[in-house]
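Chemist: Below you will find the structure I want to go over with you.
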Amino acid sequence: MLQVHQIKDNYETVLSGLAKRNFPNAENILQQVLEIDQKRRDTQLERDQLQAESNSISKKIGQYMQQGKKEDADKIKLRTGEIKGLIKDLETRYSIAEEELKQLLYTIPNIPHSSVPAGKTPEDNQVVLENGNIPQLYEGRLPHWDLIKKYDIIDFDLGVKIAGAGFPVYKGKGARLQRALINFFLNEAAQQGYMEVQPPILVNEESGYATGQLPDKEGQMYLATADNLYLIPTAEVPITNLYRDVILSQSDFPIKNVGFTPCFRREAGSWGAHVRGLNRLHQFDKVEIVQITHPDKSYEALEDMSLYVQSLLQKLGLPYRVLRLCGGDMGFTSALTYDMEVYSAAQERWLEVSSVSNFETYQSNRLKLRFKGEEKKTTTLAHTLNGSALALPRIVASILENNQTEKGIRMPEVLIPYLGFEWID
RNA sequence: AGAGAGGUGUCCGAGUGGUUGAAGGAGCACGCCUGGAAAGCGUGUAUACCCGUAAGGGUAUCGAGGGUUCGAAUCCCUUCCUCUCUGCCA
Numbered sequence: 001m002l003q004v005h006q007i008k009d010n011y012e013t014v015l016s017g018l019a020k021r022n023f024p025n026a027e028n029i030l031q032q033v034l035e036i037d038q039k040r041r042d043t044q045l046e047r048d049q050l051q052a053e054s055n056s057i058s059k060k061i062g063q064y065m066q067q068g069k070k071e072d073a074d075k076i077k078l079r080t081g082e083i084k085g086l087i088k089d090l091e092t093r094y095s096i097a098e099e100e101l102k103q104l105l106y107t108i109p110n111i112p113h114s115s116v117p118a119g120k121t122p123e124d125n126q127v128v129l130e131n132g133n134i135p136q137l138y139e140g141r142l143p144h145w146d147l148i149k150k151y152d153i154i155d156f157d158l159g160v161k162i163a164g165a166g167f168p169v170y171k172g173k174g175a176r177l178q179r180a181l182i183n184f185f186l187n188e189a190a191q192q193g194y195m196e197v198q199p200p201i202l203v204n205e206e207s208g209y210a211t212g213q214l215p216d217k218e219g220q221m222y223l224a225t226a227d228n229l230y231l232i233p234t235a236e237v238p239i240t241n242l243y244r245d246v247i248l249s250q251s252d253f254p255i256k257n258v259g260f261t262p263c264f265r266r267e268a269g270s271w272g273a274h275v276r277g278l279n280r281l282h283q284f285d286k287v288e289i290v291q292i293t294h295p296d297k298s299y300e301a302l303e304d305m306s307l308y309v310q311s312l313l314q315k316l317g318l319p320y321r322v323l324r325l326c327g328g329d330m331g332f333t334s335a336l337t338y339d340m341e342v343y344s345a346a347q348e349r350w351l352e353v354s355s356v357s358n359f360e361t362y363q364s365n366r367l368k369l370r371f372k373g374e375e376k377k378t379t380t381l382a383h384t385l386n387g388s389a390l391a392l393p394r395i396v397a398s399i400l401e402n403n404q405t406e407k408g409i410r411m412p413e414v415l416i417p418y419l420g421f422e423w424i425d
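Going by this note's numbering, the residue at position 298 of the first sequence is 298; the numbering climbs one at a time, nothing skipped.
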């Protein structure tokens with residue numbers, strides 16, 4: 001979440017940033033923040049002063065008692081009695097103000113980077129670049145939901161039987177393809193200096209809040225109620241939370257982690273015509289990269305990550321484009337997001353396969369993820385970034401669709417060592 | 001799931017009501033010493049919030065929350081977590 005001083009020191013920037021996101025009622029909410037914060041500080045000052053007085057009296061009582069001057073001690077005890085009541089009242093008011101402030105800050109999204117275009121819908125996203133050739137397919141080309149049946153590699157009906165819609169069962173070469181992609185992505189990331197981690201895929205509430213899924217996306221995560229644990233919607237949550245309550249030293253930068261996990265999303269209310277087949281699932285596999293950087297280096301890192309993700313798409317031979325998301329389409333916690341979309345030639349649609357974002361200090365503020373400067377003794381919030389590298393299902397969809405021929409589906413060259421076969425036929 | 005033990009600073013570890021932000025040790029940093037290093041000696045070494053241009057000062061924090069008390073790491077209650085053993089199981 002934003003820090004109060006961000007709002008106070010850059011009021012106009014924050015205001016116009018929120019306007020870019022079409023965030024309603026911004027001025028009013030920001031004013032409330034400042035007001036409550038002022039109240040909070042006034043209350044704290046008053047409380048601290050009284051507490052200081054009370055502390056010094058207590059010390060004096062201690063001294064009197066040691067000297068055996070009970071009467072003197074009793075005399076000044078009366079004063080602390082008064083103070084005690086006042087402090088209790090101030091304490092209550094302080095925590096109310098603090099809680100109000102927190103709740104208010106939770107509702108405010110991150111401020112978009114200056115390069116983020118204004119806009120409301122995905123149509124307003126900016127196409128940064130397009131790369132690769134859209135394949136010319138033969139007459140009888142099929143969308144992937146037909147291809148997977150034809151070659152019997154992914155079974156949705158079986159998934160329905162054991163879990164429900166949106167939980168596919170990968171079979172035979174379909175399952176092998178999943179495993180190959182995961183290994184390929186992990187190996188590539190390792191070569192780029194990302195340290196592999198295998199985090200838990202259930203997380204506690206605190207972790208959900210720290211990376212911003214809670215309270216914003218409460219209803220979108222599966223909750224294991226018996227233990228109050230959430231199934232992760234992305235590895236971003238556990239991996240970034242590895243660094244919750246951590247004070248790094250400057251020499252630790254940049255931290256680069258990669259992890260493969262299944263991801264779980266309830267996708268409540270988002271089913272429609274465009275979500276057939278692998279386009280939208282409740283459970284899917286994803287390899288995620290996370291970076292934690294010095295504030296001065298985060299945009300450099302973002303470009304880095306974007307190029308890295310693009311390199312994967314190039315190696316897989318998939319035509320793709322890079323979008324800079326507009327204010328209205330960007331995630332709640334992000335300051336700048338690039339979406340990578342691959343072209344799926346039978347559906348004739350662009351499919352989002354990666355989203356690479358810089359959160360600046362929005363997450364690290366909740367995470368309490370800081371670093372200590374080399375000269376300065378003060379701690380500073382680090383910047384966090386993450387991106388999919390990559391999400392599997394839509395990659396699979398476009399591989400299947402784009403590489404289909406009359407005699408089968410040709411696998412991308414780079415995957416063949418991982419797969420042990422060249423064709424799905 | 002049952003029984004027990006425990007949660008203190010970067011780490012180890014002391015501390016059962018009164019200058020305890022917290023002994024002692026280790027680590028780390030700087031200085032002295034040295035040809036250089038080690039050892040030795042000395043100094044320093046938490047975080048958050050608030051007041052202040054600053055220097056500096058205040059408050060809080062010994063898992064978390066509440067209570068008793070003039071005063072709590074220390075007593076009481078609640079809760080979370082970890083470890084060990086038993087049971088169950090991959």
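Yeah, the Cβ is synthetic: ideal placement off N, Cα and C, and Gly gets one too.
Is it a yes or a no for the segment 359-366 touching the segment 208-217, going by three-plus beta-carbon pairs under 8 Å?
Modeler: Judged by Cβ distances under 8 Å, the segment 359-366 makes contact with the segment 208-217, as three or more pairs qualify.
Chemist: For the candidate residues A345, Y343, Q347 and R324, whose alpha-carbon lies nearest to that of L336?
Modeler: As a first step, residue 336 must be located in the first sequence, where it is residue number 336. Of A345, Y343, Q347 and R324, the residue nearest in Cα terms is R324.
Chemist: Alpha carbon to alpha carbon, how far is T80 from N55?
Modeler: Sequence index remark: in the first sequence, residue 80 carries index 80 (1-based). Sequence index remark: in the first sequence, residue 55 carries index 55 (1-based). One C-alpha to the other measures close to 9 Å.
Chemist: Exposed or buried, which one is G166 when buried takes at least 16 other CB atoms within 10 Å?
Modeler: Residue 166 sits at position 166 when you count from the first residue of the first sequence. Its Cβ being crowded by 16 or more others within 10 Å, G166 is buried.
Chemist: Which one of I162, G277 and G387 has the shortest CA to CA distance from W426?
Modeler: Because the chain spans 1 through 425 in this model, residue 426 falls outside it and cannot be assessed.
Chemist: Measuring alpha carbon to alpha carbon, tell me which residue in L137, G174 and V33 is nearest P393.
Modeler: Your numbering for residue 393 matches position 393 in the first sequence. Ranking L137, G174 and V33 by Cα distance to P393 puts G174 first.
Chemist: Give me, in chain order, the residues of the same chain whose beta-carbon lies closer than 8 Å to that of I182; leave out the 5 immediate sequence neighbours on both sides.
Modeler: Residue 182 sits at position 182 when you count from the first residue of the first sequence. For I182, where only same-chain residues beyond five positions count, the Cβ hits under 8 Å are F260, D285, V287 and L392.
Chemist: What first and last residue would you give for the beta strand (DSSP E) that runs through N22?
Modeler: Indexing the first sequence from 1 puts residue 22 at position 22. Per DSSP, N22 belongs to no beta strand (DSSP E) and is neither H nor E.
Chemist: Tell me which same chain residues have a C-beta within less than 7 Å of the C-beta of V246, skipping the five on either side of it?
Modeler: Residue mapping note: residue 246 aligns to position 246 of the first sequence, counting from 1. Around V246: L369.
Chemist: Do S311 and Y338 have their CB atoms nearer than 7 Å?
Modeler: Sequence index remark: in the first sequence, residue 311 carries index 311 (1-based). Sequence index remark: in the first sequence, residue 338 carries index 338 (1-based). Not a contact, by the Cβ cut-off of 7 Å.
Chemist: Going by other Cβ atoms of all chains shown within 10 Å of its Cβ, with 16 needed for buried, is T405 buried or exposed?
Modeler: Position 405 of the first sequence, counted from the first residue, corresponds to residue 405. Result: exposed.
Chemist: In or out: M330 buried (at least 16 other Cβ within 10 Å) or exposed?
Modeler: For this step, residue 330 is matched to residue 330 along the first sequence. Answer is buried; the Cβ neighbour count reaches 16.
Chemist: In whole angstroms, what separates the C-alpha of L415 from that of A389?
Modeler: One-based indexing of the first sequence puts residue 415 at position 415. One-based indexing of the first sequence puts residue 389 at position 389. So the two alpha carbons sit approximately 15 Å from each other.
Chemist: From E100, Y151, Y243 and D37, pick the residue whose C-alpha is nearest to that of E206; which is it?
Modeler: Along the first sequence, read from residue 1 onward, the residue named residue 206 stands at position 206. Out of E100, Y151, Y243 and D37, Y243 has the C-alpha closest to the C-alpha of E206.
Chemist: Here's the rule: buried if 16 or more other CB atoms are within 10 angstroms of the residue's CB, otherwise exposed. What is H274?
Modeler: Indexing the first sequence from 1 puts residue 274 at position 274. Exposed, because fewer than 16 other Cβ atoms sit within 10 Å of the Cβ of H274.
Chemist: Going along the chain, which residues of its own chain have a beta-carbon closer than 6 Å to the beta-carbon of N358, five neighbours each way excluded?
Modeler: Working through the first sequence from its first residue, we reach residue 358 at position 358. Cβ neighbours of N358 beyond the five flanking positions: S298, L302, A335, L336 and L385.
Chemist: Within the continuous beta strand (DSSP E) that includes P262, where are the two ends?
Modeler: Along the first sequence, one-based indexing puts residue 262 at 262. Here the beta strand (DSSP E) through P262 covers I255 to F264.
Chemist: Which value, in whole angstroms, describes the spacing of the CA atoms of K150 and L101?
Modeler: Counting from one through the first sequence, the residue named residue 150 turns up at place 150. Counting from one through the first sequence, the residue named residue 101 turns up at place 101. Going from the Cα of K150 to the Cα of L101 covers about 57 Å.
Chemist: Am I right that V356 and V309 are in contact with their C-beta atoms under 8 Å? What's the rounded C-beta distance?
Modeler: By one-based count along the first sequence, residue 356 stands at place 356. By one-based count along the first sequence, residue 309 stands at place 309. That belief holds up - the Cβ atoms of V356 and V309 are roughly 6 Å apart, short of 8 Å.
Chemist: Tell me the rounded alpha-carbon separation between L281 and P168.
Modeler: The count along the first sequence starts at 1 and reaches residue 281 at position 281. The count along the first sequence starts at 1 and reaches residue 168 at position 168. Approximately 8 Å, taken between the alpha carbons.
Chemist: Under three-state DSSP, which class holds T378?
Modeler: For the purposes of this step, residue 378 is identified with residue 378 of the first sequence, where counting begins at 1. In the structure shown, T378 sits in coil (DSSP, three-state: anything other than H, G, I, E or B).
Chemist: Please list, in chain order, all residues of the same chain as E130 whose beta carbon is under 6 Å from its beta carbon, the five residues on each side excluded.
Modeler: Translated into the one-based positions of the first sequence, residue 130 becomes position 130. Contacts found: R321.
Chemist: Distance check for A397 and L34, CA to CA, integer angstroms please.
Modeler: Within the first sequence, numbered from 1, the residue matching residue 34 stands at position 34. Within the first sequence, numbered from 1, the residue matching residue 397 stands at position 397. Spanning the two alpha carbons is a distance of roughly 49 Å.
Chemist: Using 8 Å as the threshold, is the segment 192-206 in touch with the segment 228-239, meaning 3 or more CB pairs across them?
Modeler: The segment 192-206 vs the segment 228-239: in contact.
Chemist: Looking at Y194 and K256, is the spacing between their C-beta atoms short of 7 Å?
Modeler: Here the question's residue 256 lines up with position 256 in the first sequence. Here the question's residue 194 lines up with position 194 in the first sequence. Yes, these two residues count as a Cβ contact at 7 Å.
Chemist: Using C-beta distances below 6 Å, list every residue in its chain close to L18, excluding the 5 sequence neighbours before and after it, in chain order.
Modeler: Start at 1 with the first residue of the first sequence, and residue 18 comes out as number 18. Counting only Cβ-Cβ distances below 6 Å, and skipping sequence neighbours, we find A26.
Chemist: List the endpoints of the continuous beta strand (DSSP E) containing D339.
Modeler: Taking the first sequence and counting its residues from 1, one reaches residue 339 at position 339. Its beta strand (DSSP E) spans residues L336 to S344.
Chemist: Can you look up N241 in the DSSP assignment and give me helix, strand or coil?
Modeler: As a working mapping, residue 241 is identified with position 241 in the first sequence. N241: helix per DSSP, three-state reduction.
Chemist: So the beta strand (DSSP E) L323 belongs to, where does it begin and stop?
Modeler: By 1-based counting over the first sequence, the position of residue 323 is 323. Y320 to R324 is the span of the beta strand (DSSP E), which, as asked, contains L323.
Chemist: Tell me the DSSP bridge mates of L248?
Modeler: Your numbering for residue 248 matches position 248 in the first sequence. DSSP, once it has assigned bridges, lists F371 as partnering L248.
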